[in-house]
Structure formats: C-alpha cells, structure tokens
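Engineer: Numbering (this note's numbering), first residue to last: 712 to 1530.
Using N, Cα and C, we set each Cβ at its ideal position, and we do this for glycine too.
Handing you this structure, nothing more for now.
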C-alpha cells in the first residue's frame, strides 16, 4: 500500500472580486492564511476580530498540483483521504467533481482512481460560505428551530450545519469564520486490502481480562487474507475469507494478571500495544485495560451518578473542556501537552468534552490515556434545537459511526453524552410546544442508537444535564443524575447558595474573572485598560459580564483601586466562589460524586469562567483547584451564621489518620485560641468532624479568621493540608497593611525559588512577573507571620535573575484597595 501526501503549501483564492491568491498551509484554514499573509490583523487584539467578518461572506478555494507516475496509477484502487473538511465543500480533481461534503466531523475516504492521470494533476477544494448554506437549509425547515442572532451568537442557523458550533461565537468565544482542511490529506493506493477501523471490547473477571479485537477491512477483491493481530507481545494470525467490500475479522486474547489502568490519583496508567496488519496495511493503538462502569440508579437520595473503575467508585474532580483555540490550524501536540499536564497538576482526574466544540485529534486522547484523565464526552450538539429529518440524521449517523469507532478504544473515555443542554433547553425554557418536544426526542433517540451501534461498551447518557438514563429533563434537579448549577453567576445568588444543594454530580457551575495581567496587556493598550472600555467589553461575551463581576465585588470586597487591582480581585472572587462549592460538595461524598466546574480553558483572550487563560497562564482559581482537588482536604464551612463545621474528604484507598489543629487568628496575626481534632477517616470517604458554635470561636467575627492545619498519614505516607475560613465578609475586616519581603534565587539544580515572609497576615498573596508568564508551585495563599513560604517556579521564556527581580509583582487582598 502506497501513499502520496498532499499536505504542504497550497494556493488559496476566493470569489471576492479584488482578492489575489495567496499561499496557504494545509492542514490549515483561511483565517490563519490571511493573517500569515498580512491581509488581516490578529483578531485576538483589541477590536480586530471585526476586521475578519467579511471572510464569511465568500467561498474559498484551495488548490495544488501534484505528480503521479504509472506505478502508483497501476494500483487497483486509489482513495483520497481527508480527515476533516470544514465544512460545506466540493472536491475536484483535474477539473472534475469528485464529491460534495457537508460534515466536518466525517472523514472523507473516496475512490478517485478514475479521476487521476499520469504526470501533473490538480486538486481543488472549494468551501461554500456557511451562512449561504444555512440560510438555504433554514428555508426548508418545517419547525422554527434555526438559531437566532444574539449578544454573542454572530452566525445565524449555525445549528443547521455540522461544523464546530462555537465558531459562530459563544458567551466566551469570538466569531472567527474559519473554513479549511484539517488533519491528514493524502492519496492511498492498494492492490489488496485496507483497514478501515480497529476496535476492542474488554471482559473482566477476577485477575483476568479477555480482549476481543475487531478489524473492519475493506478488500479490493474476494479471496483469502491473513490478518495478524498482536497484543502485548502475543501474535495471532487469522486466515480470513474476504469478500470485495467491507469485512469484519476478529481475534481474542486472554490476559492473566493484567496491569490495570486507573484514573489519575487512583493508580497507574499502563498501556498495552495493539497492532493489526492485513496485506501491506497496519494499524497500531495503545490500549488501557480497565473495568469501567457508569453507575446510575435510584437510592434514598434520588438517582445517583458516578464512575466506577476497577471496582472503585471515583469522585470526578475536574473542569469542562472547550476547543483550545478559535483557529484549528493552531492545534499542536505541545499545546495539548501543556494544558493536560496542568489538568493533572491541579489534581484533576476528569474533563468534560463540551458538545459545542469538536471531536479532538488523536493527540488529545492519547495524552488523556497517558495521564489518567477520564473524559465525559458530549456528542457535538449544544444549546439548540437540531433537525430530525432523515437528511440531517443521515449526516449525524455517519459522523457518530466514524468518530466513536475512531475513539472508543481510548481508556480515558468514560461515557458518551448525547448533547450539551439541548434537552435542558426544552425544560429550562419551559416549552410545552409538542412538535419541538417530539423533534428533540426523535433527534436524541437517533443519536443514542448511533452511539450504541458504534460502541456497546459504554453508557449513553442522553443529555447534560439529565435526571437519569431514561429522563432527559431536570436542569436544576440536584437529587438526580447530573446538573448544571448557574444560580450564582447567571441569577446573582450569593456564594453561599452552593450550600443549598446536594448535587449527585454537578457537571457545570462557574464564576467569571478577567484573564491574567500579561494576557490583558496583550490585547489592550494603555488607554483601553479600564474594565468598561470598548476593548475590555469586546473581550467579554457574556451579556453584562463585567458588571456582574463588579457587582459581586460590592457584596464581598472593598472596591479595588486600580485597573490591575480589578484584574487581581476578579480572580480572587472567582476562586472564592468555586472553592465554596467544591469543598462543600466533596465533603458530601458518596451522595455527591462529581464536581466539574465551567471551564478549564479559553479559545481566545477573554474574560470568562476559565481557570487557565488563553495563553495557558494559571489564574488564581487553578492554584486553588490544586488545593481543593487534592486527595485529602480539610475545610471549615459556615452553612449557617451561627455554626462552623469542620469537614474532611479523602480520595485515598486507606485510612487517613492524624490531627487537625484549628487556630483562631486575629487579623494582627496573634493567636486567640487553638484546639485539636483527632482524625481517622475511612478510605474514599468524607465526614463532618465537628460542628462548633461561632460564639465559641470568636466574639467579634470581623476581627478573626480560622486557620486549619491537618497533619497525618495514609499507609505510611505523610499528609499535610491547610485551609482558612473567614468569619465575616472580606470587606468587613480592617485588614492591616503587611510588609512582605521577597527573595529570588536558583538552587544547585537550577530550579528557581521565590521566598516570601510577612510581618502581618496577608491573604490571597499572588506572585507574578510583569511581561514574563510563570507557573508557581503555589500561589494565591494565606501568608502568616513566622511562617515563610518557599515557592518554586518555571517561566515560559528565559529570564535573567535581574529581570525577574525587577518584574516581580506581589499582590494581596489588602493591597487591592486604598482604604
């Protein structure tokens, strides 16, 4: 089997009358090509996103020449492979139409031998202006389900085309009207067979695993064919009688004492090599062996939901994943590696792949397998009605058959979910429109059947949020299934509203902040650095979002003094909000078994709910996540004004034993009182250790705060964690101005250290370098007198010690306001 790679430099043109053709890299898209050619500015800076909107009004054509010799053309069959064409496109070879495509989530594999010739050939790919296509599709609708324009939705009827849904804008994302060719594009010739799909099924029993391997093989002719299966160093050759067309060939392996794959924090992630070879074609994969179940059934609290891996009920700790850039051309393994490493660094074990994005490329899933990151995986439908006619559903079935067979062997994928908020869209809107309800049911049932046909090894969860396997309703029903809890951000409820619910699995909740200062400096200039400036409001896609951030300041904090203080305090506020929910819900285990906050990342520089901004800088929330998602946490929680509850939660498989020292500090740093609490926490459990009247701790709450320090062990391994609890709102304290001393130095291994000390308590102490992105071993913490901190850090670019010292900025809560 031979291959002709068609990636590289193509020529890009469009039907705009004055447009002159430019070189364009494939795989890639039109907007990046225009930026590289200097024809449009960087859309992520200032208001320049607006300068790209003309791009979506035109059709775009990529073309290139390539040479073929008679040896290649003598092969019996020749296919054109395009991993992804975005989106409504026509492919021509030597002036003749080969095919039309309408779904970027379907791989194209089409026989093209009859279109090719010896010597020079020309291939052209034309993508139609998407709004022209969706307008035509909207005219055909018998139900009014086309998506309307809104504050953040800039491309109407985007739900009628199988394209990344957030490309038309979202409440955190820009409208970057890309079209292009992604992944691999090549010609493949064969005189024999080609392997179309390889997938496996695992059956676990005590100390053993049976692995059934299925290969779908497209054969050029009838005849016998030896298919070789190799797993974990063992080989099996199967003599298969193939018919012309698609065939299924299977082999099974029994693995005794298998090395099992576990989520991060629960064990290791061993991966076995699997290879299937037929004729001159071979497919290789990495397989993690694990017995994974999605558990959901009625219980005394409602209907539970959690993942069980190798017999262990896993508490899902994580965030929602969105596309990492609005321009797919920029996706690289290095960017995936950095983001996913930061996921594990924050003690997360789960991501939810959100349904308004895309099925990511192989690097993403390979890395999640390697790092032990479980994936709740939506199908790519979000926040809209979708057509349920036969034509649209045929596109959906083809998409799911390809994508799920492509991805189902990844150990990281825990379940398939039908969509994001499409079912909730009906119940939340309170619609009683029977045709719309029936339309969604027909659509959702079709998605479910297609998913189950392509993967019978995982649970299909109908939608998110969803009450149960059989009930797609329940936006805010916390007693059943998964829920999305947005009352704090969207409805303006106080942070304490997180204490009012006992979710079984909260798969969305969040609070916004501005991105890190270095990121804000990237897209703004001096005069634009005001939170209500046109540029700052342009980089905020949730209606009234900046106002919501500031309004919540007035409830909990003193108003910040400078623009930089606004940026800093917004991140303090975001971290405080999410910490409130996560710490409480983790201590409700096993009733609550999942906290997935919205959202992990950004696809451009923007104010949003993320904990990692567009450039991967850690917001304060991500540092707090590292602590509140630690395997063992201790927390002081005030669900009522009169009482403080001391709670703990453990994700470890052995008893956690030790002692909590609970100190009452005055804001001057003096210790008012201390008490000790013995701890013996069972494996994978949570507990309320004590409930203490506030009056027993402090007569004047606005003058004191609690500091918890747990020291103990689990199976001989030392464990230490700390936490704090404010007994009044931050703004009620007369905080002293601390003197924080700093020192930067390298150690003998070249690792950089930042040492900090203070004369008075300092809260939410946050270190950063102006103009130098850096990640610290800890940040946004409480610094106490007599308890210096020694942080390590890494920068994203080389920097001298002198430059680091000059650019170091230390912020804390008291420094954010004047009086």
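#1: Taking the alpha carbon of residue 1055 as the point to measure from, which residue in 1029, 1515, 1042 and 1073 has its own alpha carbon closest?
#2: Using alpha carbons as the reference points, say which of 1355, 1339, 1122 and 749 lies closest to residue 1287.
#3: From the DSSP output, in three-state form, read off residue 1447 for me.
#4: Under a Cβ-count criterion, where at least 16 other Cβ atoms within 10 Å of its own Cβ denotes burial, should residue 800 be classed as buried or exposed?
#5: Only counting the same chain, and skipping five residues up and downstream in sequence, which positions put a Cβ closer than 7 Å to that of residue 1432?
#6: Measure the CB-CB distance between residue 1314 and residue 1037 and report whether it falls below 8 Å.
#7: In this structure, does DSSP put residue 753 in helix, strand or coil?
#8: Mark residue 765 as exposed unless 16 or more other C-beta atoms lie within 10 angstroms of its C-beta, in which case mark it buried.
#9: At what residue ranges does the segment 1239-1274 contain a whole run of the alpha helix (DSSP H), taking only runs of 4 or more?
#10: How about residue 1465 and residue 1476: do their beta carbons lie closer than 8 Å?
#11: Hey, residue 892 and residue 783: beta-carbon distance below 8 Å or not?
#12: Do the segment 1252-1272 and the segment 867-886 touch if we need at least three Cβ pairs shorter than 8 Å?
#13: How many angstroms separate the CA atom of residue 1368 from the CA atom of residue 906?
#14: Could you tell me whether the Cβ atoms of residue 1217 and residue 1296 are closer together than 8 Å?
#15: Just how far apart, CA to CA, sit residue 1268 and residue 1441?
#16: Provide the residue span of the alpha helix (DSSP H) that contains residue 1077, from first to last.
#17: Quick check: the Cα distance between residue 1290 and residue 1507, rounded to an integer number of angstroms?
#18: When you compare the CB positions of residue 1005 and residue 995, do they come within less than 8 Å of one another, or not?
#19: Between residue 918 and residue 938, what straight-line distance do the alpha-carbon atoms span, to the nearest angstrom?
#20: How about residue 741 and residue 890: are their beta carbons less than 8 Å apart?
#21: Please confirm whether residue 1099 and residue 1154 have their CB atoms less than 8 Å apart.
#22: Using three-state DSSP, classify residue 742 as helix, strand or coil.
#23: Nearest-angstrom Cα distance between residue 1347 and residue 1293?
#24: Go ahead and label residue 1605 buried or exposed: buried means 16 or more other beta carbons lie within 10 angstroms of its beta carbon, across all protein chains shown.
#25: Answer with buried or exposed for residue 833, where buried requires no fewer than 16 other C-beta atoms within 10 angstroms of its C-beta.
#26: Check for me: the beta strand (DSSP E) holding residue 919 runs from which residue to which?
#27: Is the segment 1234-1251 in contact with the segment 1313-1333, if contact means three or more CB pairs nearer than 8 Å?
#28: State the Cα-Cα distance for the pair residue 1355 and residue 997, rounded to the nearest angstrom.
#29: Across which residues does DSSP place residue 1059 in a beta bridge pair?
#30: So, is residue 1266 buried or exposed, given that buried needs 16 or more other C-beta atoms within 10 angstroms?
#31: Could you name the residues of the same chain whose beta carbon sits closer than 7 Å to that of residue 934, not counting the 5 residues immediately before and after it, in chain order?
#32: Name the residue from 1215, 1529, 1375 and 1397 whose alpha carbon lies nearest to the alpha carbon of residue 1270.
#33: Label residue 1145 either buried or exposed according to how many other C-beta atoms from any shown protein chain fall within 10 Å of its C-beta, with 16 as the threshold for buried.
#34: Please name the residue or residues paired with residue 1088 in a DSSP beta bridge.
#35: Skipping 5 residues on each side, what residues in its chain have a beta carbon closer than 6 Å to that of residue 1083?
#36: I need the DSSP call for residue 1534, collapsed to helix, strand or coil.
Structural biologist: Concretely, from the data shown:
#1: Sequence index remark: in the chain shown, residue 1055 carries index 344 (1-based). If we check each option's Cα against that of residue 1055, 1029 comes out closest.
#2: Mapped onto the chain shown, residue 1287 falls at position 576. Ranking the options by Cα distance to residue 1287, first place goes to 1339.
#3: Within the chain shown, the letter at position 736 stands for residue 1447. In the structure shown, residue 1447 adopts coil according to DSSP, grouped into three states.
#4: Numbered from its first residue, the chain shown carries residue 800 at position 89. With a threshold of 16 other beta carbon atoms within 10 Å, residue 800 meets it and is buried.
#5: In the chain shown, counting from the first residue as 1, residue 1432 sits at position 721. Closer than 7 Å at Cβ, skipping near neighbours: 1341, 1343, 1344, 1345 and 1421.
#6: Within the chain shown, the letter at position 603 stands for residue 1314. Within the chain shown, the letter at position 326 stands for residue 1037. Cβ atoms of residue 1314 and residue 1037: closer than 8 Å.
#7: For the purposes of this step, residue 753 is identified with residue 42 of the chain shown, where counting begins at 1. Collapsing the DSSP output to three states places residue 753 in coil.
#8: One-based indexing of the chain shown puts residue 765 at position 54. Flag for residue 765 reads exposed.
#9: Taken in chain order, the whole alpha helix (DSSP H) runs of length 4 or more contained in the segment 1239-1274 are 1245-1249 and 1256-1267.
#10: Here the question's residue 1465 lines up with position 754 in the chain shown. Here the question's residue 1476 lines up with position 765 in the chain shown. No, these two residues do not count as a Cβ contact at 8 Å.
#11: One-based indexing of the chain shown puts residue 892 at position 181. One-based indexing of the chain shown puts residue 783 at position 72. In this structure, residue 783 does not lie closer than 8 Å to residue 892 by Cβ.
#12: Touching, per the Cβ criterion.
#13: In the chain shown, counting from the first residue as 1, residue 1368 sits at position 657. In the chain shown, counting from the first residue as 1, residue 906 sits at position 195. One C-alpha to the other measures close to 54 Å.
#14: Position 506 of the chain shown, counting from 1, holds the residue named residue 1217. Position 585 of the chain shown, counting from 1, holds the residue named residue 1296. Taking 8 Å as the cut-off, the Cβ atoms of residue 1217 and residue 1296 count as close.
#15: In the chain shown, residue 1268 corresponds to position 557, counting from 1. In the chain shown, residue 1441 corresponds to position 730, counting from 1. Distance from the CA atom of residue 1268 to the CA atom of residue 1441, rounded to whole angstroms, is 5 Å.
#16: As a working note, residue 1077 is residue 366 in the chain shown. For residue 1077, the enclosing alpha helix (DSSP H) has its first and last residue at 1073-1082.
#17: Working through the chain shown from its first residue, we reach residue 1290 at position 579. Working through the chain shown from its first residue, we reach residue 1507 at position 796. Cα to Cα, the separation comes out at about 27 Å.
#18: What you label residue 1005 is simply residue 294 of the chain shown in a count that begins at 1. What you label residue 995 is simply residue 284 of the chain shown in a count that begins at 1. No, the pair does not count as a contact, with Cβ atoms beyond the cut-off.
#19: Residue mapping note: residue 918 aligns to position 207 of the chain shown, counting from 1. Residue mapping note: residue 938 aligns to position 227 of the chain shown, counting from 1. Taking the straight line joining both Cα atoms gives about 29 Å.
#20: By one-based count along the chain shown, residue 741 stands at place 30. By one-based count along the chain shown, residue 890 stands at place 179. Taking 8 Å as the Cβ cut-off, residue 741 and residue 890 qualify as a contacting pair.
#21: Within the chain shown, residue 1099 is the residue found at index 388, counting from 1. Within the chain shown, residue 1154 is the residue found at index 443, counting from 1. Contact annotation: residue 1099 and residue 1154 have beta-carbon atoms nearer than 8 Å.
#22: Taking the first residue of the chain shown as 1, we reach residue 742 at position 31. Residue 742 falls in the helix class under three-state DSSP.
#23: By one-based count along the chain shown, residue 1347 stands at place 636. By one-based count along the chain shown, residue 1293 stands at place 582. A direct Cα-Cα distance of roughly 13 Å separates residue 1347 from residue 1293.
#24: Within the shown structure, residues of the chain are numbered from 712 to 1530, placing residue 1605 beyond reach of any answer.
#25: Taking the first residue of the chain shown as position 1, residue 833 is located at position 122. Residue 833 should be labelled exposed.
#26: Numbered from its first residue, the chain shown carries residue 919 at position 208. Taken as a continuous stretch (DSSP letters only), the beta strand (DSSP E) holding residue 919 covers 919-930.
#27: These segments touch.
#28: Translated into positions along the chain shown, residue 1355 becomes position 644. Translated into positions along the chain shown, residue 997 becomes position 286. Linking residue 1355 to residue 997 through their CA atoms gives a straight-line distance of about 49 Å.
#29: Numbered from its first residue, the chain shown carries residue 1059 at position 348. In DSSP, residue 1059 forms no bridge with anything.
#30: The sequence position of residue 1266 within the chain shown is 555, counting from 1. By the 10 Å Cβ count, residue 1266 comes out exposed.
#31: Counting from one through the chain shown, the residue named residue 934 turns up at place 223. Sequence-distant Cβ neighbours of residue 934 in its own chain, meaning closer than 7 Å and more than five residues away, are 953.
#32: Here residue 1270 is taken as the residue at index 559 of the chain shown, counted from 1. Answer by Cα proximity: 1529.
#33: Against the chain shown, residue 1145 aligns to sequence position 434. Classification for residue 1145: exposed.
#34: Residue 1088 sits at position 377 when you count from the first residue of the chain shown. Looking at the DSSP output, residue 1088 shares a beta bridge with 1064 and 1127.
#35: The count along the chain shown starts at 1 and reaches residue 1083 at position 372. Closer than 6 Å at Cβ, skipping near neighbours: 974, 975 and 980.
#36: With the chain running from 712 to 1530 in the structure shown, residue 1534 is simply not present.
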